[in-house]
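Colleague: Residue numbers (our numbering): 43 to 464.
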Amino acid sequence: MIRILPIVLAIVAVAAACNAGSARADGETINYDEAKVPDYVLPDPLVMQDARSVTSAAMWRKLRRPEILELFCTQVYGRRPPTPEGLRFDVTEDTPAALAGKATRKRIRVDFSGRNETWPGVKLTLIVPGGAKTPVPAFVGMHLFDSKSDEPLPGRPLEVEIGEKLPGSRVLDVILERGYAIGTLDANDFCPDDKERFREGALAHFFPGRTGPPGVEEPGAISVWAWGLSRALDYLETDPAIDAKRVAVIGHSRMGKTALWAGAQDERFALVISNNSGCGGAALSRRVFGETVARINGVFPHWFCGNFSKYNGREGKLPVDQHELVALIAPRPVYIASAQEDLWADPRGEFLSAVGAERVYHLLGKPGLETTEMPPAGRSIGNSIGYHLRVGKHALTDYDWLRYLDFADRHFAKPAQAGPRR
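(1) Can we count Gly320 as close to the ligand GDP, meaning its CB is less than 7 Å from some heavy atom?
(2) Over what stretch of residues does the alpha helix (DSSP H) that includes Met297 continue unbroken?
(3) In the region 361 to 441, which residue ranges form an unbroken alpha helix (DSSP H) of at least 4 residues, counting only runs that do not cross its ends?
(4) Taking DSSP's pairing of strands, which residues face Asp228 in a bridge?
(5) Residue range of the alpha helix (DSSP H) that Asn339 falls in?
(6) Take the Cβ of Gly322 as the centre, count every other Cβ of all protein chains shown within 10 Å, and call the residue buried at 16 or more, exposed below.
(7) Going by other Cβ atoms of all chains shown within 10 Å of its Cβ, with 16 needed for buried, is Ala325 buried or exposed?
(8) State the DSSP-derived secondary structure class of Gly257, mapped to helix, strand or coil.
(9) I'd like the list of long-range same chain contacts for Gly172, defined as Cβ closer than 7 Å, with 5 residues on each side in sequence excluded.
(10) Helix, strand or coil for Gly143 per DSSP?
(11) Under 8 Å Cβ to Cβ from Ile217, same chain only, skipping five residues before and after it: list those, please.
(12) Among the candidates Lys165, Leu278 and Leu141, whose CA atom is the shortest distance from the CA of Arg288?
(13) If we count the other Cβ atoms within 10 Å of its Cβ and call it buried at 16 or more, is Ala67 buried or exposed?
(14) For Gly128, I'd like the list of residues in its chain whose CB is within less than 6 Å of its CB, leaving aside the five on either flank, ordered along the chain.
(15) To which residues of the same chain is Ala437 closer than 6 Å at the C-beta, ignoring the five residues directly before and after it?
(16) Which of helix, strand or coil does DSSP assign to Asp132?
(17) Would the beta-carbon of Ser395 fall within 8 Å of that of His430?
(18) Just to check my reading of the structure: Ala387 and Leu111 have Cβ atoms closer than 8 Å, yes? What is that Cβ distance to the nearest angstrom?
(19) What are the partner residues of Thr167, as DSSP defines its beta bridges?
(20) Start and end of the alpha helix (DSSP H) containing Ile110?
(21) How many Å lie between Asp440 and Gly293 at the Cα?
(22) Looking at Tyr74 and Ile264, is the spacing between their C-beta atoms short of 8 Å?
(23) Starting from Ser265 and walking both ways along the alpha helix (DSSP H), at which residues does that stretch end?
(24) Name the two residues that bound the continuous beta strand (DSSP E) containing Phe181.
(25) Rounded to whole angstroms, what is the Cα-Cα separation between Pro373 and Ser426?
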């Protein structure tokens, strides 16, 4: 086990909110005080459930990794829907001179055999750099930009001075200029983000007739959305304009949780990016800082499997914690990012997950963060595990995109080996 003591988050100086809990209108007190973070013991990612130590990459791969993955399936996110048979891809639009001639825009409908005809199918919007002579790497995620806009904006301009010139509303141009395609899906095509309606879509097809919240191991919305990201990758593997061995899955907030879970399960994703994903994403549950397991299960009971609610107020009983979710991505590169004013998402807890995953990367012969000191705002650190703390609030900004592009440039210099289809 890894024992962690509360550490003062000196760099997040956002007035008195860091010095005391904040009372909400519903009477619940949310902890934003590092001094009130309880002592906790993290599960060791390199110790089996039967107490055997993981001493080799082969043992991690054959025994410990499947064990951790199973625990996340049964205790946190639920089991993903099955891979559909008879996948069909219908390119409904192929505009070679979109964005004033800078890109090709494609709209793709994804269907599969035997699906419930009341489900309208899945729509992927893909923007590819114009004039590319060879297949290009890509970013894919949920709600990355407004798919109906003629000038999509994947990142919010960061309206502060941080010592560098930011692209502002030109962030999509920068992504394309640097040789990357970008694809977005609508999460509602797979599972509405509504506790009353979440069973519409994929769940209505795979679990017909069921009602109420997710069952004990039944997939919640995050697991369904992650399954949807894999369906987008199914298409990208067929598109000759895309190098499907260099696809990064990316998400912000709840979709950051989704990107991590998608990357943990589907090893075809060559790189994983989590932006401000917080509780149930990159942040350690055991810190009980900002949003908690009880709070997220109470407000969003449809996001996780039924078993996750057993750990409301009992985070120490969880057989896993989020550093092990990050570790499941190893040895592939993963980047975690936080925002200085986003205390709800627990920036330090997100950073400590990256630290906690590092030993698995080392076992597999890859460098991790190579530091236990949280960096100041505006500094990107790490190797196979990347991290930054950004000034500002909860958002996916142009600053974040620049760091992700730099990270992808380093790791996509050579095509990666794709994992098995999930």
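Even for Gly, the Cβ is constructed at its ideal location relative to N, Cα and C. Here the structure is a predicted model, which means the values were calculated and not measured.
Modeller: Let me lay it out:
(1) Among the components modelled here there is no ligand, and therefore nothing to report on the ligand GDP.
(2) Arg296 to Gln307
(3) 364 to 369 and 389 to 405
(4) According to DSSP, Asp228 bridges with nothing at all.
(5) Val335 to Val341
(6) Gly322 should be labelled buried.
(7) Ala325 comes out buried.
(8) coil
(9) Gly143, Lys144, Ala145 and Thr146
(10) helix
(11) Apart from the 5 residues on each side of it in sequence, Ile217 sits with its Cβ closer than 8 Å to the Cβ of Phe181, Pro196, Ile224, Trp443 and Leu447 in its chain, given in chain order.
(12) Leu278
(13) Its pLDDT being 44, under 50, Ala67 is placed unreliably by the model, and the measurement read from it follows with that caveat. Ala67 should be labelled exposed.
(14) Phe154 and Ser155
(15) Arg198
(16) strand
(17) no
(18) Not really, about 24 Å apart at Cβ, beyond 8 Å.
(19) Arg149 and Thr226
(20) Arg107 to Phe114
(21) 14 Å
(22) no
(23) Ala263 to Leu278
(24) Val178 to Met184
(25) 8 Å
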